[in-house]
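Written out below as structure tokens is the structure these notes cover.
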Amino acid sequence: MALRLEPLNRSHRPLLADFQNPQASLVDYLQRYALRHAEKDLLARTYLALDTAMGTPRLAGYFSLATVSVERASVVRLPELDRLPRFPIPGILLARLAVDTRVRGQGLGRYLFEEALGLTLQLAQTGPVAFRLFVTDAIDAEAARFCQHFGLVPLGDDFPCRMVLDLRPLLPNRSST
Ligand SMILES: CC(C)(COP(=O)(O)OP(=O)(O)OC[C@H]1O[C@@H](n2cnc3c(N)ncnc32)[C@H](O)[C@@H]1OP(=O)(O)O)[C@@H](O)C(=O)NCCC(=O)NCCS
């Protein structure tokens, strides 16, 4: 596979119809809402992983990012976060991530996750805003296992299950205090 990541725009419309995933809501979101959310409603931005190995690009997977605020009282399972002041904790939300069924198990999920986290860390390091968490809401136990594999910690036991990754250890230390 020769992968390229592109922010979703109108020119990608013809590629969306063929996307396949067992989670119908993830297919529906991509085909019906993702473009509107990115361009009109400003609710989330979606990125497509395009496989260009065969010449014509094929849609292999996607993820969507938005912002989120996590209730301070919900992070007691993470000692580092439990020491923070009693204010909501800002973060970037990995709102959706899905791989086309026909290319599952070939490293696409890892590619998408690492690209989403990479964009988040870039924003945390060079952007004009501060935030502490990388967050997702796992739809089911399989999604939660996938996210746990990459270090996200579940904040509860029910589904959808909010999961968080503390970004602080991944960022250069800005303060000597
Ligand atoms: C979960 C999903 C994204 C995995 O995609 P994939 O392309 O098959 O995953 P990869 O081949 O890149 O696997 C990446 C790593 O995750 C692991 N992994 C994949 N699925 C996993 C699962 N269900 N549970 C635990 N680990 C999993 C793999 O073993 C692999 O580990 P390694 O890189 O250390 O060897 C895909 O199955 C999917 O679209 N599922 C439906 C939507 C979903 O659950 N999204 C996650 C929302 S956060």
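If you're matching positions, the sequence shown starts at 537 in my numbering and goes up one per residue.
By construction, the Cβ of each residue, glycine as well, lies at the ideal position given by its N, Cα and C atoms.
N-terminal and C-terminal residue of the alpha helix (DSSP H) that F682 is part of | 677–685
Determine the direct distance from the alpha carbon of A585 to that of F670, and round the result to whole angstroms.
-> 20 Å
So, are the CB atoms of L562 and A634 less than 8 Å apart?
-> yes
Taking the beta strand (DSSP E) that L701 falls in, what are its first and last residues?
-> Its beta strand (DSSP E) spans residues 697–702.
Determine the direct distance from the alpha carbon of N709 to that of E650, and round the result to whole angstroms.
-> 21 Å
Close beta carbons around Q642, own chain, < 8 Å, minus the five adjacent residues each side = M537
With burial defined as no fewer than 16 other Cβ atoms inside 10 Å of the residue's Cβ, what is the status of S712: buried or exposed?
-> Bear in mind that the predicted position of S712 carries a pLDDT of just 48, short of 50, making it unreliable; the figure below should be weighed with that in mind. Counting other Cβ atoms within 10 Å of its Cβ, S712 stays below 16 and is therefore classed as exposed.
So, helix, strand or coil for T592, using DSSP?
-> coil
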